[in-house]
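Asks: Provided herewith is a single structure, encoded as structure tokens, for subsequent inquiry.
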Amino acid sequence: MPRSFKPQLDVNLGVWIKDPRVFMRAIVGVLLAANIAAAVIAFKPFGGSADDLQRERADAGRRLAQLQTRLAETRQLVDKVELARRDGDEFLAKYFTDRRTTYSTIIEELDRTAQAAGLKLRNYNGELNEIEGSDTLQMMSLNTAYEGDYASLEKFINLLDKSPRFLIVDSMQAAPQQNGQTLTITLRLLAFVKETPETAS
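Numbering follows our numbering, with no gaps: position 168 of the sequence shown is 169.
Here's what the structure looks like:
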């Protein structure tokens with residue numbers, strides 16, 4: 002055998018080791034195969050065992066039950082909101098006066114109540130004020146003055162409390178006159194006024 006003869010395997014192995022491109026390709030191939038193996042173990046793309054499927058089914062059932070419970074609670078909340086809106090509209094319609102007729106309605110109510118209680122109306126004046134945050138509601142401040150005795154005043158307050166109008170006694174002053182039997186009564190009343198679209202236009 003000639004002295005210069007070298008086995009082909011050794012020559013190719015030397016070229017393979019000396020050529021960095023071939024060496025790096027081999028390393029990248031090994032790393033790629035390792036990553037694919039790890040991904041298969043982690044994500045189980047080909048389906049899990051029967052126990053895994055049972056656990057997933059149980060988890061899905063629990064999530065479905067939670068979502069159904071949340072949906073039922075949301076429906077109850079919507080029903081409560083609708084009921085509150087309906088009750089609020091009924092309250093506004095029953096106790097709040099329309100702006101077009103508010104002065105005549107409130108004054109007529111106060112005059113009728115004062116006559117029933119035995120008080121004499123001396124004077125009144127009122128003004129409307131905007132309510133911050135509302136486009137449809139206003140507050141009427143009404144200052145009134147009456148004359149009468151203490152029993153009439155007590156009856157007047159009781160009748161106001163039972164009035165179908167939503168009237169608030171904000172302040173009250175009663176001072177005796179010179180004869181001592183008659184009181185001069187000053188009341189500041191508050192009432193709420195609703196403004197309908199027809200009134201605004």
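The beta-carbon is built from N, C-alpha and C at its ideal position, and this holds for glycine as well.
Would DSSP call I37 helix, strand or coil?
Replies: helix
Asks: If you count every other CB in all the chains shown that lies within 10 Å of the CB of M2, and 16 or more means buried, which is it?
Replies: For M2, the predicted structure reports a pLDDT of 48, less than 50, and the residue's modelled location is therefore unreliable. A value from the coordinates is still provided. Burial call: exposed.
Asks: Give the C-beta separation of M141 and G127 to the nearest angstrom, bearing in mind that I take them to be a contact with Cβ-Cβ under 8 Å.
Replies: 6 Å
Asks: List the whole-angstrom C-beta distance separating R166 from I107, where the pair is believed to meet the contact cut-off of C-beta under 8 Å.
Replies: That belief holds up - the Cβ atoms of R166 and I107 are roughly 7 Å apart, short of 8 Å.
Asks: Note down the Cα distance separating T137 from A85, rounded to an integer number of angstroms.
Replies: 18 Å
Asks: Report the residue from N180, I158, E109 whose alpha carbon sits nearest the alpha carbon of T187.
Replies: Cα-wise, what sits closest to T187 is I158.
Asks: Going by the DSSP bridge assignment, what does S227 pair with across the sheet?
Replies: The chain is shown only over 2 to 202; residue 227 falls outside these bounds and no answer can be derived.
Asks: The beta strand (DSSP E) with Q77 in it runs from where to where?
Replies: Counting along the chain, Q77 falls outside any beta strand (DSSP E), though it belongs to the alpha helix (DSSP H) covering 51-96.
Asks: Hey, how far is the Cα of A118 from the Cα of A73?
Replies: Each residue's Cα considered, the two are about 54 Å apart.
Asks: Can you say whether V194 is buried or exposed, counting buried as having 16 or more other CB atoms within 10 angstroms of its CB?
Replies: Classification for V194: buried.
Asks: Could you tell me the alpha carbon to alpha carbon distance between T103 and Q67, rounded to whole angstroms?
Replies: So the alpha carbons of these two residues sit roughly 52 Å apart.
Asks: Quick one, which of A94, G30, R26 has its alpha-carbon nearest E196's?
Replies: With distances taken between Cα atoms, E196 lies closest to A94.
Asks: Got a sec, what are the start and stop residues for the beta strand (DSSP E) S142 sits in?
Replies: 138-149
Asks: For T98, which option in L129, Q116, L32, Y147 has the closest C-alpha, if you only look at C-alpha atoms?
Replies: L129
Asks: Do you know whose CA, among T145, L160, R64, R101, lies nearest N124's CA?
Replies: T145
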